[in-house]
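Structure first, then comments.
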């Protein structure tokens with residue numbers, strides 16, 4: 001599997017994400033935000049955490065409209081996989097690849113700590129390595145993770161089993177405790193917690209590595 | 223030609239920052255503040271000279287970038 005990791009000005013989890021993909025066995029290519037096309041043969045695009053464009057205007061808003069954004073949207077439209085983590089999740093909602101928006105945390109504070117999550121669906125390439133209801137621990141580090149969507153969108157996400165992860169204890173006011181959501185075709189995942197920061201036993205646990213191994217498994221030769 | 227865009231959260235979308243401001247005003251002794259909603263004002267200096275064309279252009283900017291219409295509304299003033 002070939003993974004492309006995008007770097008925007010202000011991204012700061014791009015290297016961690018590249019390492020997480022590589023450790024799971026992916027060939028990783030790095031992409032710059034000014035690139036207008038993805039390298040040939042990319043299966044999955046990773047949009048990393050950070051503070052792209054200084055969070056100016058709205059978190060992820062400028063990154064979503066940068067040159068590489070169009071290439072990522074085309075990739076998704078072709079049925080390609082896209083994983084957005086933290087600021088990457090904000091970018092994907094700003095691009096319209098995922099519904100809803102990430103607003104300022106209800107407590108107005110930057111939240112930076114390990115949190116317990118519930119795997120809300122095992123029906124995706126990303127979450128297939130778990131069972132529904134599994135409890136995992138991943139770090140969060142964000143100021144704007146308060147997932148907000150209108151009632152119709154929330155009902156659709158629930159009805160279509162597109163809520164990927166929920167918080168066991170809601171750290172940011174997110175509606176329905178939502179920590180991550182899937183696209184309609186289940187190939188685009190956005191989540192606020194950082195699986196790429198939990199792929200090494202020496203550095204805060206390995207629960208995140210299940211996600212990368214799962215999605216790699218989806219591309220394993222049959 | 224100048225344009226001014228006001229971006230506000232939609233009615234019904236909780237505004238934790240506005241609520242914090244409301245609370246702070248109460249702490250400072252300003253009684254009777256029922257609600258505070260915080261938004262943005264964006265001023266644009268345009269080369270357009272036709273009012274209608276300028277408004278059309280700025281509305282497109284709002285839809286494309288300046289506002290996130292999932293959670294925000296906007297108004298455009300051409301001065």
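Protein chains in written order, with the working numbering: chain A, 1 to 222; chain B, 223 to 301. Just so it is clear, CB atoms sit at the ideal spot from N, CA and C, and this is done for glycine as well. Predicted, not measured: the structure shown is a model, and the values here were computed from it.
Asked                                                                                                                            : Found
Under 7 Å (Cβ pairs) to chain A, residues found in the stretch 281-298 of chain B                                                : 287, 290, 292, 293
Cut-off 7 Å between Cβ atoms - residues of its own chain near residue 28/A, not counting five sequence neighbours on either side : 3, 5, 18, 21, 22
Residue 62/A - DSSP class collapsed to helix/strand/coil                                                                         : helix
Neighbour flag for residue 73/A against chain B, beta carbons, 8 Å                                                               : no
Start and end residues, alpha helix (DSSP H) containing residue 76/A                                                             : 67-77
Exposed unless 16 or more other CB atoms sit within 10 angstroms - verdict on residue 56/A                                       : exposed
Cβ shell of residue 53/A (< 7 Å), same chain only, five flanking positions each side left out                                    : 8, 9, 10, 62, 63
With 16 other Cβ atoms within 10 Å as the buried cut-off, status of residue 301/B                                                : exposed
Residues bridged to residue 210/A [DSSP beta-bridge criterion]                                                                   : Residue 210/A is not bridged to any residue.
Best match in 126/A, 84/A, 170/A, 149/A for proximity to residue 117/A [C-alpha to C-alpha]                                      : 170/A
Simplified DSSP assignment, three categories, for residue 219/A                                                                  : coil
Own chain, CB closer than 7 Å to residue 297/B, minus 5 neighbours either side, in chain order                                   : 228
Nearest to residue 123/A (by Cα), restricted to the options 205/A, 164/A, 35/A                                                   : 164/A
Whether residue 105/A touches residue 217/A by CB criterion (8 Å)                                                                : no
The stretch 200-208 of chain A in contact with the stretch 90-109 of chain A per 3-pair CB rule at 8 Å                           : no
Closer than 8 Å to chain B by CB, residue 169/A                                                                                  : no
Bridge-paired residues (DSSP) for residue 137/A                                                                                  : 116/A
Residues from the stretch 240-267 of chain B in contact with chain A, defined by Cβ distance under 7 Å                           : 242
Chain B contact for residue 100/A (CB, 8 Å cutoff)                                                                               : yes
Status (buried if at least 16 other CB within 10 Å, exposed otherwise) for residue 48/A                                          : buried
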